[in-house]
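Taking it in order: structure first as structure tokens, then the write-up.
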């Protein structure tokens, strides 16, 4: 979507944000080389997660390690080799990898132009619940489930939904005209990136045309709704926090 000179579709508020690619500015981040790194969502805007977009040269490399922070990376385009805790696997478009807190994640040997979305959050440890294990996979090998029975809106759950995991990363695909069946309002926070297609996203009382490359942040209890529009399907990748009591 083009914008007029001196204008942008980006909107950043206290409870939600639409980040359009027209205004992205690279950041120099520790552990990342040979890549353009864009910080899309971060605690600086009031979020409890960080969402990065990495675009690699062919000699690029990224390394993530923290005792407290867990990381999930999704290959939007291209491919690379991912390694966690001594285990490495090649990833292509649709591939993903999850590294628990305290485990080093390395992304290496990328094809030129490889684009990767990275979600990070502080792990919320629970007594007597074991921590999560590393995960490697590809979305193409996961069956889409009709959302609330709607075969035109398919949801793929990429990470295990078990008490060990406090992070969910899902892929939602809509046929043109399909929509969320109601305006959702919930305690979970979202970070989101449009992968293909276009549509309209309602966030609180604002309605935003969105297309591939747009990113969205939704704070807890931000009313949200989406409808896919255009000639083809629309899909987005999103993060949410799960499986933890709000009292902790």
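In the working numbering, the protein residues as written are 4 to 251.
C-beta: ideal position from N, C-alpha, C; glycine also.
Under DSSP, the beta strand (DSSP E) around residue i begins and ends at which residues?
i, result
"residue 118", "118-125"
"residue 225", "Neither: residue 225 is in no beta strand (DSSP E) and is coded neither H nor E."
"residue 160", "153-160"
"residue 245", "Here residue 245 belongs to no beta strand (DSSP E), and DSSP marks it neither H nor E."
"residue 197", "193-199"
"residue 20", "19-22"
"residue 251", "First-last for residue 251: undefined, no H or E at that position."
"residue 27", "That residue, residue 27, is in no beta strand (DSSP E); it is neither H nor E in DSSP."
Might you give, ordered along the chain, the residues of its own chain that have their beta carbon closer than 6 Å to the beta carbon of residue i, omitting 5 neighbours on each side?
i, result
"residue 111", "64, 84"
"residue 108", "67, 74, 87, 102"
"residue 127", "169, 247"
"residue 123", "53, 72, 74"
"residue 145", "159"
"residue 141", "97, 98"
"residue 195", "219, 239, 241"
"residue 76", "100, 119, 121"
"residue 221", "19, 193, 227"
"residue 30", "40, 42"
Across which residues does DSSP place residue i in a beta bridge pair?
i, result
"residue 237", "177"
"residue 78", "119"
"residue 11", "According to DSSP, which records beta bridges pairwise, residue 11 is partnered with nothing at all."
"residue 35", "65"
"residue 140", "99"
"residue 149", "157"
"residue 186", "Per DSSP, none; premise fails for residue 186."
"residue 94", "83"
"residue 59", "38"
"residue 53", "123"
"residue 205", "210, 228"
"residue 72", "125"
"residue 109", "66, 86"
"residue 170", "244"
"residue 47", "DSSP, once it has assigned bridges, lists no residue as partnering residue 47."
"residue 114", "Looking at the DSSP assignment, residue 114 forms no beta bridge with any residue, so it has no partner."
"residue 218", "22, 196"
Which residues in the same chain as residue i place their Cβ atom closer than 7 Å to its Cβ, once the five residues preceding and following it in sequence are excluded?
i, result
"residue 155", "177, 178, 181"
"residue 23", "11, 12, 13, 217"
"residue 143", "97"
"residue 60", "37, 38, 115"
"residue 62", "37"
"residue 252", "Since the displayed the chain opens at 4 and closes at 251, residue 252 lies outside it and no answer follows."
Can you name, in chain order, every residue of its own chain whose Cβ lies under 8 Å from the Cβ of residue i, other than the five neighbours on each side?
i, result
"residue 231", "177, 178, 179, 180, 181, 182, 200, 201, 202, 237"
"residue 136", "103, 167"
"residue 80", "96, 116, 117, 118"
"residue 233", "179, 200, 201, 202"
"residue 25", "6, 11, 12, 13"
Hey, would you say the C-beta of residue i is under 7 Å away from at least one heavy atom of the ligand GTP?
i, result
"residue 32", "Of ligands this structure carries none, so the ligand GTP is not represented either."
Is it true that the region 85-93 meets the region 157-165, where meeting means three or more beta-carbon pairs spaced less than 8 Å apart? no
Taking contact to mean 3 or more Cβ pairs, one atom from each stretch, closer than 8 Å, check whether the region 97-107 and the region 43-55 are in contact. no
Count the C-beta pairs between the region 211-224 and the region 189-201 that are closer than 8 Å, then say yes if the count reaches three, no if not. yes
Counting pairs of beta carbons, one from the region 226-246 and one from the region 164-177, are three or more of them closer than 8 Å? yes
For the structure I just gave you, are there three or more beta carbon pairs, one from the region 5-18 and one from the region 181-192, closer than 8 Å? no
Three or more C-beta pairs below 8 Å linking the region 222-230 and the region 23-41: no
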